[in-house]
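Asks:
There are 2 protein chains.
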Amino acid sequence: MRIGELARRAGVSERSLRYYEQQGLLLSERTPGGHRSYGEWAVDRVIRIQALYAAGLGSKKIALLLPCMRDADGGPTERTTGELVEELTAERDRIDRMILDLVRSRDVLDEVIDAATAKA
Amino acid sequence: MRIGELARRAGVSERSLRYYEQQGLLLSERTPGGHRSYGEWAVDRVIRIQALYAAGLGSKKIALLLPCMRDADGGPTERTTGELVEELTAERDRIDRMILDLVRSRDVLDEVIDAATAKA
DNA sequence: GTAGAACTTGACACCGGTGTCAGATTCAAG
DNA sequence: CTTGAATCTGACACCGGTGTCAAGTTCTAC
């Protein structure tokens, strides 16, 4: 499939897909004319990339992490090095804290919403 | 207390505190010489502001939301308008989705970490 | 009074993923 | 062919909370 379809199916812009490729997160075959061409595996990968971005990871960390993930994209599943494990653990802990903060903020919002809704 | 102590106790920079004030999120008394002075309530408020920022809300939304929160700061707890409730509900749903994404990303990280750790 | 820490305002820069525009090229269908 | 849609590369801008520096003022303790 080509970039337009991938963008639509993965729910991101074409701009972002080209950016991901530039960051080394997403490979593409090329047609003789230079247009990008993707296999089915690309959809899942892009969605995963999005999730990691949303989790606050930067391109570099994601680039290190992706090859270590056993996936449907048949990647080589590289050996995770000790140093990387440390970084990933730090990221996981950061995400855990972020989740706690978010839950609290959501509860605060719920409280306000409930108070306003049940003001009957 | 003054800005330095507040910054230390709330875990943010003085820069941020001045910015919050500029955005109308944090009031301060002033000494005759113009230095900011805060009561104890400020610590909780700043922490709450931080949590909302971390949840992806912008200054304007937070400014609308803060007066509606019943708190230890003795704020007037303004009436939440219908329009605001809609916005807040949208924010809450967005945060919910964000939490789900984060949990999934964290689980992915855990998987990679476990795989690398238990490779014995 | 006086020294040094703390505070003031104002300005400039950054980050990094994304939007968007321009101009050129390619693809697919008639 | 030809034509219109799709894609290509490259560049510029944005956002918005925060870091940081500069020059000046205030506070506090001796």
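The listed protein sequences derive, respectively, from chains Y and F. Residues in the first sequence are numbered from 34 upward in steps of one, following this note's numbering. Residues in the second sequence are numbered from 34 upward in steps of one, following this note's numbering. Backbone N, C-alpha and C fix where the C-beta goes; we use that ideal spot for every residue, glycine too.
I want to verify the contact list: residues of chain F whose CB lies under 9 Å from the CB of Y:Ala43, in sequence order.
Replies: Here residue 43 of chain Y is taken as the residue at index 10 of the first sequence, counted from 1. Within 9 Å Cβ-Cβ: nothing; Y:Ala43 doesn't reach chain F, min ~14 Å.
Asks: Anything in chain F within Cβ reach of Y:Ile128, meaning under 8 Å, just list it in chain order.
Replies: As a position in the first sequence, residue 128 of chain Y is number 95, starting the count at 1. The contacting residues are Leu135, Ser138, Arg139 and Leu142.
Asks: Consult DSSP for F:Glu120 and reduce its assignment to one of helix, strand or coil.
Replies: Here residue 120 of chain F is taken as the residue at index 87 of the second sequence, counted from 1. If DSSP states are grouped into helix, strand and coil, F:Glu120 belongs with the helices.
Asks: Given that a residue counts as buried once 16 or more other Cβ atoms are within 10 Å of its Cβ, and exposed if not, what is Y:Ser46?
Replies: Position 13 of the first sequence, counted from the start, is the residue given in the question as residue 46 of chain Y. It counts as exposed.
Asks: Taking only three categories from DSSP, how would you classify Y:Arg125?
Replies: Working through the first sequence from its first residue, we reach residue 125 of chain Y at position 92. Residue state, collapsed to three classes: helix.
Asks: Using the Cα positions of Y:Glu62 and Y:Ala75, report the straight-line distance between them to the nearest angstrom.
Replies: If you number the first sequence from 1, residue 62 of chain Y lands on position 29. If you number the first sequence from 1, residue 75 of chain Y lands on position 42. C-alpha separation (whole angstroms): 11 Å.
Asks: Closer than 8 Å, CB to CB, is Y:Leu85 near chain F or not?
Replies: Translated into positions along the first sequence, residue 85 of chain Y becomes position 52. Yes, Y:Leu85 lies at the interface with chain F (some Cβ there is under 8 Å from its Cβ).
Asks: Could you check whether the Cβ of Y:Glu54 sits closer than 8 Å to any Cβ belonging to chain F?
Replies: Residue numbering aside, residue 54 of chain Y sits at position 21 when the first sequence is read from its first letter. Answer no: the Cβ-Cβ gap between Y:Glu54 and chain F never drops below 8 Å.
Asks: Excluding sequence positions up to five away, which residues of its chain have a Cβ less than 8 Å from the Cβ of F:Arg155?
Replies: Outside the displayed span of chain F (34 to 153) sits residue 155 of chain F, for which this structure offers no information.
Asks: Is there a C-beta anywhere in chain F that falls below 8 Å from the one on Y:Ala88?
Replies: By 1-based counting over the first sequence, the position of residue 88 of chain Y is 55. Answer yes: the Cβ-Cβ gap between Y:Ala88 and chain F drops below 8 Å somewhere.
Asks: Would you mind telling me which residues of chain Y sit closer than 8 Å to F:Glu62, beta carbon to beta carbon, in chain order?
Replies: Within the second sequence, residue 62 of chain F is the residue found at index 29, counting from 1. Residues of chain Y passing the Cβ test: none, with the nearest at roughly 26 Å.
Asks: Is there a C-beta anywhere in chain F that falls below 8 Å from the one on Y:Ala34?
Replies: Counting from 1 along the first sequence, the entry for residue 34 of chain Y is found at position 1. In the sequence as displayed, the identity of residue 34 of chain Y is Met instead of Ala. No, its Cβ sits nowhere closer than 8 Å to a Cβ of chain F.
Asks: For F:Glu62, which of helix, strand or coil comes out of DSSP?
Replies: On the second sequence, position 29 is the one that residue 62 of chain F refers to. F:Glu62: strand per DSSP, three-state reduction.
Asks: Output, in chain order, the set of chain F residues within a Cβ distance shorter than 9 Å of Y:Ala149.
Replies: By one-based count along the first sequence, residue 149 of chain Y stands at place 116. Within chain F, the residues near Y:Ala149 are Cys101, Arg112, Thr113, Thr114, Gly115, Leu117, Val118 and Leu121.
Asks: Could you tell me the distance, in whole angstroms, from the CA atom of F:Ala84 to the CA atom of Y:Asp134?
Replies: On the second sequence, position 51 is the one that residue 84 of chain F refers to. On the first sequence, position 101 is the one that residue 134 of chain Y refers to. Straight-line Cα distance between these residues: approximately 6 Å.
Asks: Over what stretch of residues does the alpha helix (DSSP H) that includes F:Arg41 continue unbroken?
Replies: One-based indexing of the second sequence puts residue 41 of chain F at position 8. Run containing F:Arg41: Ile36 to Ala43, per the alpha helix (DSSP H) assignment.
Asks: In three-state DSSP terms, what is F:Ser46?
Replies: Residue numbering aside, residue 46 of chain F sits at position 13 when the second sequence is read from its first letter. Note: F:Ser46 maps to coil in three-state DSSP.
Asks: In chain F, what lies closer than 7 Å to Y:Leu58 by C-beta?
Replies: Here residue 58 of chain Y refers to the residue found at position 25 of the first sequence. Neighbours of Y:Leu58 on chain F: none; closest Cβ ~14 Å, over 7 Å.
Asks: How is the alpha helix (DSSP H) around F:Tyr86 delimited, first residue to last?
Replies: The residue you call residue 86 of chain F lines up with position 53 of the second sequence. Per DSSP, F:Tyr86 belongs to the alpha helix (DSSP H) from Trp74 to Ala87.
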